[in-house]
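In our numbering, the protein residues as written are 1 to 318. The beta carbon of each residue, even a glycine, is placed where N, CA and C say it ideally should be. Each remark here refers to the structure printed beneath this line.
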Ligand code: SF4
């Protein structure tokens, strides 16, 4: 069997950057069906790429992937880790993962899971946000790497960290490297890795407005578009905030919870008749909704209100 296909390895590593494997699989398969190779991805309009990514979150990954596909079409497939680092959206971890898995080159890929495993194997109490500590763990991972099978080694380390050497309850009795583990020998595995305390979570309340009911717009959803220069989710479409329409009345049509880093959103979707004066925006049919980049909050909110991309908004008069 030859080495795994470069494009597939690269795509999967980008999708897995902030998302769990089980959540990624259906998106990965759908994305591959739409864009089966670098050429088709590079040639696609950006809105199509964002739409295919819609629901996975962290959309800068999709924009960078698209940009990198164009870079590859202009300069050729990267031949090593250094060239991979020239591509948009590829940092040290992803470059090492792709170089080892797709190109068979001996680079240790070091993410949070691997840092935890290394900190325990070496019983190292260094605080992991420190660049000095991270460099030491990276050097240790590189020292442990099997240069004959670097891709298998990296995937085994990631898998060990994800399934056995987990944060709160490492399964040491069934761990294949327990005999080599210094933390296990001294009983310190639960104290490692050492981390600074996280910032406290914030509760954020959000009220969104969903309009329905009047002739000409029945069955459509009104959305506004985020500005092109927004730091997050530029050009994505979303439901307007209810606060944009003082005095407007609706009834709760759905509630959702959503988390972005330390912000815990509690979101209510309010359904009511469309006001006479609306901000710049557009009405979309449920079919059109499926073909535009929607923020994850809006996608979840529309689903909760029964007005998702494949459904028709309920009547406001109910
Ligand atoms: Fe992790 Fe325990 Fe295995 Fe050590 S023995 S690597 S702490 S699971």
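Where does residue i land, buried or exposed, given buried means 16+ other C-beta within 10 angstroms?
| i | result |
| --- | --- |
| residue 12 | buried |
| residue 317 | Its pLDDT being 36, under 50, residue 317 is placed unreliably by the model, and the measurement read from it follows with that caveat. The residue is exposed, with fewer than 16 neighbouring Cβ atoms inside 10 Å. |
| residue 150 | buried |
| residue 201 | exposed |
| residue 227 | exposed |
| residue 241 | exposed |
| residue 25 | exposed |
| residue 197 | exposed |
| residue 91 | exposed |
| residue 192 | buried |
| residue 190 | exposed |
| residue 287 | exposed |
| residue 154 | buried |
| residue 250 | buried |
| residue 238 | buried |
| residue 170 | buried |
| residue 187 | exposed |
| residue 122 | buried |
Could you tell me the distance, in whole angstroms, from the CA atom of residue i to the CA atom of residue j?
| i | j | result |
| --- | --- | --- |
| residue 60 | residue 128 | 25 Å |
| residue 246 | residue 277 | 12 Å |
| residue 256 | residue 244 | 20 Å |
| residue 141 | residue 109 | 8 Å |
| residue 35 | residue 41 | 5 Å |
| residue 280 | residue 199 | 37 Å |
| residue 144 | residue 107 | 11 Å |
| residue 292 | residue 307 | 15 Å |
| residue 207 | residue 75 | 47 Å |
| residue 105 | residue 98 | 9 Å |
| residue 315 | residue 265 | Annotation note: pLDDT 44 at residue 315 (below 50); position unreliable, no value reported. |
| residue 259 | residue 235 | 21 Å |
| residue 158 | residue 289 | 37 Å |
| residue 19 | residue 271 | 32 Å |
| residue 294 | residue 15 | 18 Å |
| residue 283 | residue 134 | 49 Å |
| residue 312 | residue 297 | For residue 312, the pLDDT reaches just 44, beneath the cut-off of 50, and the residue's location in the model is therefore unreliable, although a value from the coordinates is still provided. If you take the alpha carbons of residue 312 and residue 297, they lie about 18 Å apart. |
| residue 267 | residue 46 | 29 Å |
| residue 27 | residue 112 | 23 Å |
| residue 138 | residue 120 | 14 Å |
| residue 146 | residue 211 | 59 Å |
| residue 136 | residue 194 | 14 Å |
| residue 101 | residue 303 | 38 Å |
| residue 58 | residue 161 | 23 Å |
| residue 156 | residue 174 | 15 Å |
| residue 220 | residue 50 | 22 Å |
| residue 164 | residue 172 | 7 Å |
Note the first and the last residue of the continuous beta strand (DSSP E) segment covering residue i.
| i | result |
| --- | --- |
| residue 210 | 202-211 |
| residue 284 | 282-284 |
| residue 256 | 251-260 |
| residue 270 | 263-272 |
| residue 222 | 221-225 |
With 8 Å set as the bound, which would you pick, yes or no: does the beta-carbon of residue i sit closer than that to a beta-carbon of chain D?
| i | result |
| --- | --- |
| residue 148 | In the displayed structure, chain D is absent; only one protein chain is listed. |
So the alpha helix (DSSP H) residue i belongs to, where does it begin and stop?
| i | result |
| --- | --- |
| residue 132 | 131-144 |
| residue 10 | 6-15 |
| residue 245 | Element bounds for residue 245: n/a, residue is neither H nor E. |
| residue 294 | Segment: none, residue 294 is in no alpha helix (DSSP H) and carries neither H nor E. |
(message) At 4 residues or longer, what runs of the alpha helix (DSSP H) sit wholly inside the stretch 21-90?
(response) 21-34, 38-43, 46-53, 60-75 and 81-84
(request) Let me have the residue list for the ligand SF4: C-beta closer than 7 Å to any non-hydrogen atom, ordered along the chain. (result) 117, 120, 121, 160, 164, 165, 170, 171, 172, 175, 177, 178, 181, 183, 184 and 189
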